[in-house]
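> Counting in our numbering, the sequence shown runs from 76 upward without gaps. Cβ atoms here follow ideal geometry from the backbone N, Cα and C, with glycine treated the same way. Remember, it's a predicted structure, so these values are computed and weren't measured experimentally.
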Amino acid sequence: MPAILQKILEKIKTDSAVCELQGLSGSSKALVVSMLSQIPEQPAEKTIPLVVVCESFDVAEVLLNDLYYFFGKEGVHFFPFWDVLPFDNFSPHKGLVAQRFQTLDALLNSEVRVLITTPNGMMQRFLPRAAFQKNTLSLSTDFVGGKQELRQKLLNSGYIQVDVVEDQGEFSAHGDIMDVFPLNQEKPMRMEFSENSDLLYIKPFEIQTQRTAEAEFTSLKILPGSEILFNQETIYFARQTLPSYRKECTPEVLRRLKESLQKCESFPGIESLSPLFYPKLETLFDYFPAEYLLVVNEENHITERAEHFYQEVFMEYELSKQQNKLTLSPES
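1. Considering only residues of the same chain and omitting the five flanking positions on each side of ASN399, which have a CB-CB separation below 6 Å?
2. From GLN337 to LEU329, what does the alpha carbon distance come to, in whole angstroms?
3. Could you work out which residue in ILE282, ASN259 and PHE176 is closest to GLU241 when comparing CA atoms only?
4. May I have the straight-line CA-CA distance separating GLU130 from SER272, to the nearest angstrom?
5. Under the rule that 16 or more other beta-carbon atoms within 10 Å means buried, what is HIS152, buried or exposed?
6. Under a Cβ-count criterion, where at least 16 other Cβ atoms within 10 Å of its own Cβ denotes burial, should ASP238 be classed as buried or exposed?
7. Please report how far the alpha carbon of GLU406 lies from the alpha carbon of TYR367, in whole angstroms.
8. Between ALA181 and the rest of its own chain, which residues show a CB-CB distance below 6 Å, the 5 nearest in sequence each way excluded?
9. How many angstroms separate the CA atom of VAL127 from the CA atom of PHE176?
10. Quick check: the Cα distance between MET110 and TYR392, rounded to an integer number of angstroms?
11. Find the nearest neighbour of THR309 within the set LEU348, GLU327, TYR276 and GLN174, judged by alpha-carbon distance.
12. Who are SER213's beta bridge partners in DSSP?
13. How should ILE345 be labelled, buried or exposed, when 16 other C-beta atoms within 10 angstroms of its C-beta is the threshold for buried?
14. From the DSSP output, in three-state form, read off LYS355 for me.
15. Rounded C-beta distance between PRO299 and PHE165? I'm assuming under 8 Å.
16. Taking 6 Å as the limit between beta carbons, can you name the residues of its chain near LYS296, skipping five residues before and five after?
17. Taking the beta carbon of LYS104 as the centre, do at least 16 other beta carbons fall within 10 Å, making it buried, or is it exposed?
18. Using 8 Å as the cut-off, can you tell me whether the stretch 216-224 makes contact with the stretch 138-145, which would need three or more C-beta pairs spanning the two stretches below that distance?
19. Secondary structure at ARG380, three-state DSSP: helix, strand or coil?
20. Where does ARG314 sit, in a helix, a strand or coil, going by DSSP?
21. Kindly identify the DSSP beta-bridge partner or partners of SER247.
22. Pick from LEU258, LEU401 and HIS249: whose alpha carbon is nearest that of PRO318?
23. Between THR178 and PHE201, how many whole angstroms is the CB-CB distance? I'm expecting something under 8 Å.
24. Excluding the 5 residues flanking SER395 on each side, which residues of the same chain have their C-beta closer than 6 Å to its C-beta?
25. Where TYR320 and MET266 are concerned, what is the direct C-alpha to C-alpha distance, given to the nearest angstrom?
26. State the CB to CB distance for the pair ASP231 and ASN306, rounded to an integer number of angstroms; the pair is presumed to be in contact (CB under 8 Å).
27. For LEU225, name the three-state secondary structure that DSSP assigns.
28. So, helix, strand or coil for THR402, using DSSP?
29. LYS169 and GLN243 - do their beta-carbons sit closer together than 8 Å?
30. Does DSSP put ARG321 in a helix, in a strand, or in coil?
31. Per DSSP, VAL151 forms a beta bridge with which residues?
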């Protein structure tokens, strides 16, 4: 182990548990992070994840690419914030949700060596671990529930049924064939069921040609398809909670939301109503293991960006209230 890393490790293990490094610039930061991530803890061979906080998406992306160069991609994950602000009446891009969920899944399965995020990502609250894990599906070719049971599981997990699958978070069912595009796969998957409801195969396919690959999957993990899950449990909680917000919006807005709940229909910007669907939201910290090493890249910039983000969200919150929309407090 290089002497400088030994000194850093000894400093971290002191009572203060704070070590400040100066004089690092450019890719040298990624080099130090990559070396720190390879320092084993006790017992031997056990490593704890490094969580690196960068001031913005752009800064995080540069560090991420530098880490790929020094460390490779295995075990390196990025947790981005949405590409929209809360109360914007727009839903985040599905690709970002997919990246977030893949990172959360890796954290829960101890597969993270280095995690990069931003103040926005650290401050945000979203679906709790229990809901995430409960609605993560694990399929194999010995699945005997049949197409109808799988269809209901996908709906419960936030997937949208369509005629033709074209994007992540969608599935379709025609005859004995079911297509699904998991958030954690680069290509959609095709499954065929027998007359006895046995799962015959799982194969990736091309969207443009609809041709399936020769190679078969023996198992398939399907992460939740949305940050708001429309299932019996969440809808029941929302219906019980909704009356307490009668004073927060116009009767027409409340009526439309009730109709959406009855029909299990999502709408743009529904993610801002997360407290309506879950008894308790959690942050990225809740997904971390008991031990992790926190690396703050330019602390002053991080603090400034966090304060700016809070002000942005608060302004959107006030504007949404003025427009008589159902607006839940960012702290609810």
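Let me spell this out:
1. Spatial neighbours of ASN399 in its own chain (CB-CB distance under 6 Å, excluding positions within 5 residues in sequence) are listed in chain order as CYS324 and THR325.
2. Cα-Cα distance, rounded: 12 Å.
3. Out of ILE282, ASN259 and PHE176, ILE282 has the C-alpha closest to the C-alpha of GLU241.
4. If you take the alpha carbons of GLU130 and SER272, they lie about 51 Å apart.
5. Label assigned to HIS152: buried.
6. Exposed: under 16 other Cβ atoms inside 10 Å.
7. Rounded to the nearest whole angstrom, the C-alpha separation of GLU406 and TYR367 is 26 Å.
8. Excluding residues within five positions, the ones whose Cβ falls inside 6 Å are HIS152 and VAL187.
9. A straight-line Cα-Cα distance of about 18 Å links VAL127 and PHE176.
10. The alpha-carbon atoms of MET110 and TYR392 are separated by roughly 42 Å.
11. Selected option, being the one with the closest Cα: LEU348.
12. Partner(s): LYS296.
13. With 16 or more other Cβ atoms within 10 Å, it is buried.
14. When DSSP states are grouped into helix, strand and coil, LYS355 belongs to the coil group.
15. 20 Å between Cβ atoms; not a contact.
16. For LYS296, where only same-chain residues beyond five positions count, the Cβ hits under 6 Å are SER213.
17. When all chains shown are included, LYS104 counts as buried.
18. No, the stretch 216-224 is not in contact with the stretch 138-145.
19. DSSP places ARG380 in helix when its eight states are reduced to three.
20. ARG314: helix per DSSP, three-state reduction.
21. For SER247, which the question treats as bridged, DSSP gives the partners ASP254.
22. Nearest option by C-alpha distance: LEU401.
23. Their Cβ separation, rounded to whole angstroms, is 12 Å, which puts THR178 and PHE201 out of contact at 8 Å.
24. Correct list, in chain order: PHE162 and THR402.
25. Their backbone Cα atoms lie some 43 Å apart in a straight line.
26. Note on residue identity: the sequence assigns Asn, not Asp, to residue 231. Going by Cβ atoms, the distance from ASN231 to ASN306 rounds to 4 Å, so yes, they are a contact pair.
27. LEU225 falls in the helix class under three-state DSSP.
28. In the three-state DSSP reduction, THR402 falls in the coil class, being neither helix nor strand.
29. Yes. Within cutoff.
30. Helix, per DSSP.
31. Answer is VAL189.
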